[in-house]
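Asks:
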Amino acid sequence: PNSYEKLVDRLLASSAYGEHWAQHWLDLARFAETDGFEHDKIRPNAWRYRDWVIKALNDDLPYNQFVQLQIAGDQLRPDDPQAAIATGFLLAGQDMPDINLESERRHMVLNEMTATVGSAFLALTLGCAQCHDHKYDPVTQKEFYQMRAFFESDLQLKERKLGDITARVMHPGKPIKSHLMIRGDFRRQGEIVKSGFPSIANPSREIPKLGKRSELARWLTRPDNALALRVAANRLWQQHFGRPLAAPEDFGTQGQPPTHPQLLNWLAAELPHQKWSFKAMHKLIVTSATWRQASRNEGNDPHWQNRLKKDSENKFWSRQSRRRLTGEMVRDTMLAASGSLSDRTGGPGVRPPLPKEITSTLLRNQWPVSKDETDHRRRSIYLFARRNLRLPMFDLFDRPSQAETCARRQNSTTAPQSLALLNSDFTRKAADHIARHAECHNQTLNEQITFCHQLLLGRAPTPSELKTCHHFIQASPSFKQGMADLCLAMMNLNEFLYLD
Numbered sequence: 066p067n068s069y070e071k072l073v074d075r076l077l078a079s080s081a082y083g084e085h086w087a088q089h090w091l092d093l094a095r096f097a098e099t100d101g102f103e104h105d106k107i108r109p110n111a112w113r114y115r116d117w118v119i120k121a122l123n124d125d126l127p128y129n130q131f132v133q134l135q136i137a138g139d140q141l142r143p144d145d146p147q148a149a150i151a152t153g154f155l156l157a158g159q160d161m162p163d164i165n166l167e168s169e170r171r172h173m174v175l176n177e178m179t180a181t182v183g184s185a186f187l188a189l190t191l192g193c194a195q196c197h198d199h200k201y202d203p204v205t206q207k208e209f210y211q212m213r214a215f216f217e218s219d220l221q222l223k224e225r226k227l228g229d230i231t232a233r234v235m236h237p238g239k240p241i242k243s244h245l246m247i248r249g250d251f252r253r254q255g256e257i258v259k260s261g262f263p264s265i266a267n268p269s270r271e272i273p274k275l276g277k278r279s280e281l282a283r284w285l286t287r288p289d290n291a292l293a294l295r296v297a298a299n300r301l302w303q304q305h306f307g308r309p310l311a312a313p314e315d316f317g318t319q320g321q322p323p324t325h326p327q328l329l330n331w332l333a334a335e336l337p338h339q340k341w342s343f344k345a346m347h348k349l350i351v352t353s354a355t356w357r358q359a360s361r362n363e364g365n366d367p368h369w370q371n372r373l374k375k376d377s378e379n380k381f382w383s384r385q386s387r388r389r390l391t392g393e394m395v396r397d398t399m400l401a402a403s404g405s406l407s408d409r410t411g412g413p414g415v416r417p418p419l420p421k422e423i424t425s426t427l428l429r430n431q432w433p434v435s436k437d438e439t440d441h442r443r444r445s446i447y448l449f450a451r452r453n454l455r456l457p458m459f460d461l462f463d464r465p466s467q468a469e470t471c472a473r474r475q476n477s478t479t480a481p482q483s484l485a486l487l488n489s490d491f492t493r494k495a496a497d498h499i500a501r502h503a504e505c506h507n508q509t510l511n512e513q514i515t516f517c518h519q520l521l522l523g524r525a526p527t528p529s530e531l532k533t534c535h536h537f538i539q540a541s542p543s544f545k546q547g548m549a550d551l552c553l554a555m556m557n558l559n560e561f562l563y564l565d
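Here it is in structure tokens:
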């Protein structure tokens, strides 16, 4: 009884839940463990923010607190080092420590930080207004610098000691007068501005009294902040269904209007109603009739053809959408299927070996391989995130650049993806492992082929597939090679790479 609901509860309670969902947030946070730009220097403690996100999700930290701590954790919980680490969200963007002028560096970091907060929490392209009034949306240049004023005095560009922890975090500093920068030029100060919220997102015309980040954090998570709630609800829907209800990058006039505005409003209102619990919202969505639909007609549904005719593009979610795995998911799935996925968690990012064609082009010590071989098989969330060098599988499968916030990944289909899946040392090694497992756990060839299908595709083979697999293995130079090549072929199937 209630087996589906029990499965959902078990998955939500798993520590892998936070590891999976954290990647979506890290895309938004433009997280990496290096500075970017030409020198791409390492940030030795950046991983602490990544670990904080994973733990917060696993603990089901209410979303309003999850946001508040990333904006102003040091002010809201001054005695909690972990709350200060959460503000690593603000400082996760690119930086250029070796720039000639510190004033230019601060200007670049503050503008990037302000634009990211606008994009991540309000889905507004605030960054367009740093040089002039927004060309399309009702956001003025003055309002951009009013938002920036929340961060100006507290920006620290050096790591700080937080008890036994060292991290790059926000910290209250000496009050600084905030200016509008004429045409966005850091050398041309305009009028003095005070902290304020964008008018278009602030219908109550609330004015911050102290100009602190804690006021911004609370304003962004007010139960009546309709825009911020819609943005959060839209992201949840997108992550589950593969496409959003409205353009996640831009809720402005140039973005895609909501396809289902009443549904978006209902989900937005439901988040605070569910005590801001993301896990409750996940369960609400995946136990819904809409989510539990199939993406193809497996049960001889008499209405299927009518659905396809009336909703050919699935705009009305008359069936489930097919969704391709990300590069991180592909890698983790191969490791899990081969029985070699490490369960180690947390700590500095690890560096598995890279292909020779890449290492031959690198600078010395640009990618020192982690000494412990077990670390090479950890979940992708724990791999070292260098801005100027991505793991080939991640690069091929559209991992964002981490140079700026990413609300929606691209989804390309290219020949190099297939070539990598067929020829890379990683996939061939995974195929060898799976073939050995099949031989160890099963006696007959039919049982071994069935084992591989269930492991990689989640189903038993059809009689026709069994016959084809027999012919394939018999035509191979050896039985061992045939089974490994069969597993490799199965990992190149659409059925492996896509969720149906």
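If you're matching positions, the sequence shown starts at 66 in the working numbering and goes up one per residue.
Positions of the beta carbon are idealized from the N, C-alpha and C atoms, including for glycine.
Computed from a predicted structure; not experimentally measured.
Along the chain, which unbroken stretches of the beta strand (DSSP E) at least 3 residues long are found entirely within the segment 203-284?
Replies: Counting only runs of 3 or more, we get 225-227, 230-232, 243-246 and 254-258.
Asks: For residue 526 and residue 539, I'd like the C-alpha separation in whole angstroms.
Replies: Cα-Cα distance, rounded: 18 Å.
Asks: Inspect the beta-carbon positions of residue 119 and residue 87 and report whether they are closer than 7 Å.
Replies: A contact, by the Cβ cut-off of 7 Å.
Asks: Any idea which residues DSSP pairs residue 73 with across the strands?
Replies: DSSP output for residue 73 lists no bridge partner at all.
Asks: Kindly indicate the opening and closing residues of the alpha helix (DSSP H) around residue 312.
Replies: Looking at the DSSP string, residue 312 is not in any alpha helix (DSSP H), and its letter there is neither H nor E.
Asks: Could you check how far apart the C-beta atoms of residue 188 and residue 271 are, in whole angstroms? I think they sit under 8 Å.
Replies: That belief does not hold up - the Cβ atoms of residue 188 and residue 271 are roughly 20 Å apart, past 8 Å.
Asks: What are the residues that DSSP puts in a beta bridge with residue 415?
Replies: Note: residue 415 sits in a beta bridge opposite 448.
Asks: Between 395, 552 and 295, which has its C-alpha nearest residue 85's C-alpha?
Replies: Closest option to residue 85, Cα to Cα, is 395.
Asks: Out of curiosity, what's the CA-to-CA distance linking residue 248 and residue 169?
Replies: So the two alpha carbons sit approximately 14 Å from each other.
Asks: Could you check whether the Cβ of residue 404 sits closer than 7 Å to any Cβ belonging to chain C?
Replies: Checking the listed chains, one finds no chain C in this structure; it contains a single protein chain.
Asks: Between which residues of its own chain and residue 154 is the CB-CB distance below 6 Å, once the five residues before and five after are set aside?
Replies: Within the same chain, residue 154 has close Cβ partners 94 and 135.
Asks: Answer yes if the segment 90-110 comes into contact with the segment 467-485, meaning at least three C-beta pairs across the two stretches below 8 Å, and no otherwise.
Replies: Segments in contact, yes.
Asks: Let's see if you can read the secondary structure: which residues bound the alpha helix (DSSP H) around residue 421?
Replies: Start and end: 421-424.
Asks: Considering residue 350, what are the terminal residues of the alpha helix (DSSP H) in which it resides?
Replies: That run of the alpha helix (DSSP H) goes 343-351.
Asks: DSSP puts residue 388 in a beta bridge; with which residues?
Replies: Answer by DSSP bridge pairing, in chain order: 564.
Asks: Assuming the contact rule is C-beta atoms closer than 8 Å, residue 261 and residue 244 should be a hit. Round their C-beta distance to whole Å, please.
Replies: No, residue 261 and residue 244 are not in contact; Cβ-Cβ is about 14 Å, not under 8 Å.
Asks: Rounding to the nearest angstrom, what Cα-Cα distance links residue 284 and residue 273 in this structure?
Replies: Cα-Cα distance, rounded: 9 Å.
Asks: Terminal residues of the continuous alpha helix (DSSP H) containing residue 514?
Replies: Residues 510-522.
Asks: Assign residue 231 to buried or exposed, taking buried as 16 or more other Cβ atoms, counted over all protein chains shown, within 10 Å of its Cβ.
Replies: Classification of residue 231: exposed, given that the 10 Å Cβ count is below 16.
Asks: Determine the DSSP secondary structure at residue 332, reduced to helix, strand or coil.
Replies: DSSP places residue 332 in helix when its eight states are reduced to three.
Asks: Considering residue 494, what are the terminal residues of the alpha helix (DSSP H) in which it resides?
Replies: Per DSSP, residue 494 belongs to the alpha helix (DSSP H) from 490-506.
Asks: How close, in whole Å, do the beta carbons of residue 461 and residue 547 come, if the pair is a contact with beta carbons under 8 Å?
Replies: Between residue 547 and residue 461 the Cβ distance is about 27 Å, and since that is not below 8 Å, they are no contact.
Asks: Taking only runs of the alpha helix (DSSP H) that begin and end inside the segment 526-565, which ones reach a length of at least 4 residues, in chain order?
Replies: Listed in chain order, the complete alpha helix (DSSP H) runs (minimum 4 residues) inside the segment 526-565 are 528-539, 544-555 and 559-562.
Asks: Does DSSP put residue 93 in a helix, a strand or coil?
Replies: Three-state DSSP puts residue 93 in a helix.
Asks: For the alpha helix (DSSP H) containing residue 119, name the first residue and the last one.
Replies: Looking at the DSSP string, the run of the alpha helix (DSSP H) that includes residue 119 is 112-123.
Asks: Exposed or buried, what is residue 377 when buried is set at 16 or more other beta-carbons lying within 10 Å of its beta-carbon?
Replies: Looking at its Cβ environment, which holds fewer than 16 other Cβ atoms inside 10 Å, residue 377 is exposed.
Asks: Kindly indicate which three-state DSSP category residue 292 falls into: helix, strand or coil?
Replies: In this structure, residue 292 counts as helix in the three-state DSSP scheme.
Asks: Is there contact between the segment 121-131 and the segment 500-514, where contact requires at least three CB pairs shorter than 8 Å?
Replies: In short, these stretches do not touch, since the Cβ pair count stays below three.
Asks: Could you have a look at residue 454 and say whether DSSP puts it in helix, strand or coil?
Replies: In this structure, residue 454 counts as strand in the three-state DSSP scheme.
Asks: Which residues in the same chain have their Cβ closer than 7 Å to the Cβ of residue 108, if we skip the five residues on either side of it in sequence?
Replies: So the qualifying residues of the chain are 98, 99, 100 and 233.
Asks: Which residues in the same chain as residue 295 place their Cβ atom closer than 6 Å to its Cβ, once the five residues preceding and following it in sequence are excluded?
Replies: The residues are 329 and 333.
Asks: Which partner residues of residue 99 appear in the DSSP bridge assignment?
Replies: BP columns for residue 99 point to 107.
Asks: Based on Cα-Cα distance, which residue from 431, 175, 536 and 401 lies nearest to residue 522?
Replies: Selected option, being the one with the closest Cα: 401.
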